[in-house]
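Student: Numbering (this note's numbering), first residue to last: 526 to 867. No residue lacks a Cβ here, since even glycine has one placed at the ideal position from N, Cα and C.
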């Protein structure tokens, strides 16, 4: 690459990250202000400073926990999606491919339908059950894909597909013995949403979320090397098996944390990384950070739409992200097919 081209590309990455970093706080302020109880976004800094209005109680008790949960979940899903796309070397890959989302849904279904008195414990123990289910599913995928201490990426993908199918079948069996109340609870959890956000819930997910952020951000250079191929990455000093273990484990931790906290919020892990590639480029040193910022912003916007478009009713956030993400995914497929045809 010529020096002028290098500096031009570097400048494009930095300007894109700067724009996203400026836009995200604005999106957060707008989302915190709009809703059934309207608070002018430009007045939020003053309200927080004075702490004397009813709006302050609404912001601190309801809006900010919800907006922060949406921000964290979106960032976790987008970052894990960027890492999975780099690991599989496929921009159409999704963090759900390793089975963690389906495993979390199965864990939630087992808890809601089979645990007596789940209605009382649901707020506290349901996220834990979903998190454990997601991690166990990921361990099963890794065990199936391992052979002689090595893991083939294609085998990992096929094992994830198998676990997803098995988890879906088991959820279907559980649904047949669910009561109407249990079925309603499971359905709303599966569709995803941030309405149950609390400061206590945010504090509970913070340790695993921070660990996932820290670990995944350290994978940028190995992911850049892997773009050239596994053999080339090995000769560049990447310990492939250790890298794969770290990537899968940390992505599972990120997605498990997000799904446990918010249920099934789809397509953010697919859309956000690809949008950043279109805006700036594929360098993972910038892509991981850009995906986090984009995923956080998209998640907050999806929650804003869910809260306001059918007010006073509220749409599940997973429905909104699917309605917005599915057309984008179809466009990606068509674009990918046209590129392959050439």
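My output table needs one value for residue 720: the three-state DSSP class, helix, strand or coil.
Tutor: Of the three classes helix, strand and coil, the one that applies to residue 720 here is coil, per DSSP.
Student: In terms of residues, what are the limits of the alpha helix (DSSP H) holding residue 829?
Tutor: Segment 809 to 833, the alpha helix (DSSP H) holding residue 829.
Student: Does the beta-carbon of residue 782, which I'm using as the reference point, lie nearer than 7 Å to any heavy atom of the ligand FMN?
Tutor: The ligand FMN is absent from the structure shown, which contains no ligand whatsoever.
Student: Answer yes if the segment 577 to 587 comes into contact with the segment 844 to 851, meaning at least three C-beta pairs across the two stretches below 8 Å, and no otherwise.
Tutor: Touching, no, given that fewer than three Cβ pairs across the two stretches are closer than 8 Å.
Student: To the nearest angstrom, how far is it from the Cα of residue 638 to the Cα of residue 628?
Tutor: If I take the Cα positions, the gap works out to 15 Å.
Student: Report the residue from 535, 736, 824, 584 whose alpha carbon sits nearest the alpha carbon of residue 571.
Tutor: Closest by alpha carbon: 584.
Student: To the nearest angstrom, how far is it from the Cα of residue 633 to the Cα of residue 623?
Tutor: Spanning the two alpha carbons is a distance of roughly 18 Å.
Student: Is it true that the CB of residue 724 sits closer than 8 Å to the CB of residue 590?
Tutor: Yes, they are a contact pair.
Student: Using the Cβ count rule (16 or more neighbours within 10 Å means buried), how would you classify residue 762?
Tutor: Its Cβ having fewer than 16 others within 10 Å, residue 762 is exposed.
Student: Could you give the DSSP three-state label for residue 591: helix, strand or coil?
Tutor: Three-state result, residue 591: helix.
Student: How about residue 654 and residue 798: do their beta carbons lie closer than 8 Å?
Tutor: Going by C-beta atoms, residue 654 is not nearer than 8 Å to residue 798.
Student: Note down the Cα distance separating residue 691 from residue 685, rounded to an integer number of angstroms.
Tutor: Taking the straight line from one Cα to the other gives about 10 Å.
Student: Quick one: give me the first and last residue of the alpha helix (DSSP H) that residue 755 is part of.
Tutor: 755 to 760 is the extent of the alpha helix (DSSP H) around residue 755.
Student: Please report the straight-line C-alpha distance between residue 781 and residue 702, rounded to a whole angstrom.
Tutor: So the two alpha carbons sit approximately 26 Å from each other.
Student: Just how far apart, CA to CA, sit residue 839 and residue 831?
Tutor: Residue 839 and residue 831: Cα-Cα distance of roughly 6 Å.
Student: The alpha helix (DSSP H) that contains residue 699, what's its start and end?
Tutor: Where residue 699 is concerned, the enclosing alpha helix (DSSP H) stretches over 678 to 700.
Student: Tell me whether residue 536 sits in a helix, a strand or coil according to DSSP, three-state version.
Tutor: Residue 536: helix per DSSP, three-state reduction.
Student: Is the number of C-beta pairs between the segment 740 to 749 and the segment 662 to 674 that are closer than 8 Å three or more?
Tutor: The segment 740 to 749 is not in contact with the segment 662 to 674.
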